[in-house]
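First the structure, in the form of structure tokens, and then the observations on it.
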Amino acid sequence: MSEKYLAGIDIGTTGAKVAIFDLGGNIISSGYREYSCIYPKPNWVDQDLKIMYRSAMEASRECIEKSHISKSSIASISVSAQRSCTIFTDNNGDELMPMISWQDGRTTAEVNEIKAAAGAEKYYEITGLPLGPAWVLPKILWIRKNYPEIWKKTAKVVQLHDYFLKKLGCEEFIVDIPDAAFYGVWDTDKLTWSDFLMKSFNLEPAVLSKPLASGSNAGKLSAVAAEAFGFMQGTPLCVGAGDQNSAVVGAGVVNEGDLSVAIGTGGIAITYLDRPYRDPNMMNMITNHAIPGKWQMEGLQNGAAGVFRWFRDEIALFDKSTSAGKIQSIYKALDKMIAGTPPGSKGLLMLPYFAGSAAPRWNANARGTILGLTFAHDKACLARCFMEGITLEMKDIIKSIKNSGIRVTSARLIGGAAKSGIWNQIQCDMYNMDVHTLKIPDAAILGAAILAGTGYGLFSSIRDGVKKMVSTDKNYKPGPDSVLYEKLYDIYVKAYQSLDDGKIFEAVAEIQSAY
């Protein structure tokens, strides 16, 4: 029998990646293309699906070309994609407008409508989601109110995983069960649409994608998609998962006590749950794990490495090239700059709320802030304070997970930031716990490959796939900088509270809304 390989396609917020793996979790080849978000107004975030599709297509062709393997040896393909993105499609399955990103914050009024109709506590009890603008439901309500002509033409409201899986050859729009939660009308414990919420907001299941378990068979690659992406026509397709649900599989977070920390465009800390659970403080999300009948607690960070990318482009003023090699060299240069700057950035503090605050504060009006600037600070101080500020917010999230009654003792670092040794040590010191990196830090795309292998039957279960394909790389232990970072964290919390209590965030957001 010839050797088999697995392919994962990851459609992220700022780029598309395609990778091929062997069954031991070794990466054979990969391709990547970067793209951007669109910001029509302050706090609005859209994306162009045609650009994203073309980027994924180019990344796939690059991956296939570099692999030097027979296309027929690729056993199966699965998809990981950014979650809670809202796509309105017509009867032909074509988008009616740009995709509304999960980072979008235009729906404050609609969130208040949901709160009035369902109540924050009841909504959280059903969905496992704190009320907020990120979910699909408030965007549906916003379109109904502001663009009724688009709603009238809408046949389906789908998410990004569903959209790409259908583009690859699936006959209908399929949402993986973990992603179904982000519609905002899914009963996370009963694994079905909530009758109460569907009726409350006049929605029918027919307008949403069909829920199926991650790793399920989803059809075969079409002739059109085979030509576009470079894979062999008829290659089996398997239901994947949203990027963070896929990433916990790729990180091996499949047992109680396991914690993954992802700092990608957005950030997230996730711990595995063996049973249904709710955060008594209603700060963190509960969603379905890719393993059927299991759950995960998630603390979401709206702006993480995406904020650092903004620093790269707008302040550091590096060339905005989309070449993966050039991007990596830019980040190595920034790492070198940061390594020469003392911890604490000479007294600079950055609040990374470029897209509002998610867990644990859930404040759509929160805005990015830098405190402590003097003439003694330089670009290197700014670079480090951006890295530290992003990590301070993640520390805030991890602390809220622990405060909910969940025990975690160490973390697995994934996402783009895990490729930076200096950032890994900052995270270790900031969280004051042991952290581990993985052999494959791009855990979402590895998770997609594991789901592809499970669906094809190469693994007996998702856990079996994790056992065979996931392995750790480096271990980090906290150092003396943990003491300084604890002091910095106290200032961070007080700074947020002062700006929020004084309604400074709210006032700035109101001014921005006029532009």
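If you count the sequence shown from 1, you need to add 76 to reach this note's numbering. Beta carbons are placed, not taken as given, at the ideal position from N, Cα and C, and that holds for glycine.
Is the beta carbon of residue i less than 7 Å from the beta carbon of residue j?
i	j	result
Ala-135	Lys-93	yes
Met-308	Lys-147	yes
Val-261	Met-274	yes
Asp-255	Gly-318	yes
Ile-490	Gly-375	no
Gly-326	Gly-523	yes
Met-545	Ala-435	no
Asp-86	Ser-156	yes
Val-542	Gly-195	no
Thr-183	Pro-214	yes
Leu-244	Leu-297	yes
Tyr-348	Leu-468	no
Ile-226	Met-173	yes
Gly-91	Ala-525	no
Met-133	Phe-249	no
Gly-340	Ala-392	no
Just grab the DSSP bridge partners of residue i for me.
i	result
Gln-123	Met-175
Ala-338	Ile-344, Ile-490
Trp-227	BP columns for Trp-227 are empty, so no partner.
Gln-372	Tyr-348, Thr-363
Ser-152	Leu-82
Ile-250	Lys-286
Ser-106	Ala-95
Ile-406	The partner list for Ile-406 (beta bridge, DSSP) is empty, contrary to what the question assumes.
Asn-439	Ser-433
Cys-314	Ser-154, Asn-293
Val-511	Ala-487, Tyr-552
Phe-164	Val-233
Thr-203	For Thr-203, which the question treats as bridged, DSSP gives no partner whatsoever.
If contacts are defined as beta-carbon pairs under 8 Å, then residue i and residue j qualify, I think. What distance do you get, rounded to the angstrom?
i	j	result
Ile-414	Ala-456	7 Å
Leu-236	Ile-163	7 Å
Asn-439	Phe-240	Not a contact, Cβ separation roughly 32 Å.
Gln-372	Thr-363	6 Å
Leu-267	Ala-294	Wrong, their Cβ atoms sit about 18 Å apart, outside the cutoff.
Ser-105	Cys-139	5 Å
Leu-527	Ser-322	7 Å
Phe-97	Tyr-81	6 Å
Gly-465	Met-426	3 Å
Arg-354	Tyr-259	That pair is no contact at about 19 Å.
Asp-505	Pro-428	Not a contact, Cβ separation roughly 18 Å.
Ala-257	Gly-204	6 Å
Thr-311	Ile-521	In fact, because the Cβ distance is near 17 Å, the residues do not count as touching under 8 Å.
Val-337	Gln-503	7 Å
Buried or exposed: which applies to residue i, given that a residue is buried once 16 or more other Cβ atoms fall within 10 Å of its Cβ?
i	result
Pro-418	exposed
His-144	exposed
Glu-186	buried
Asp-252	buried
Asn-278	exposed
Gly-291	buried
Leu-597	In this structure the chain extends from 77 to 591, so residue 597 is not present and cannot be described.
Lys-198	exposed
Asn-357	exposed
Glu-280	exposed
Asn-167	exposed
Asn-441	buried
Gln-573	exposed
Asp-334	buried
Val-233	buried
Gln-588	exposed
Pro-517	buried
Gly-529	buried
Ser-78	exposed
The ligand SAH and residue i: does the residue's C-beta get closer than 6 Å to at least one heavy atom of that ligand?
i	result
Thr-165	Of ligands this structure carries none, so the ligand SAH is not represented either.
At least three beta-carbon pairs within less than 8 Å, the stretch 412-431 to the stretch 446-454: Contact between the stretch 412-431 and the stretch 446-454 is present, because at least three Cβ pairs lie under 8 Å.
Between the stretch 492-509 and the stretch 535-543, do at least 3 Cβ pairs fall closer than 8 Å? no
Pair every Cβ in the stretch 264-281 with every Cβ in the stretch 185-200, then say whether three or more of these pairs are closer than 8 Å. Yes: the two stretches touch, three or more of their Cβ pairs being nearer than 8 Å.
Can you confirm whether the stretch 201-220 touches the stretch 159-178 when touching is taken to mean that 3 or more C-beta pairs between the two stretches lie within less than 8 Å? yes
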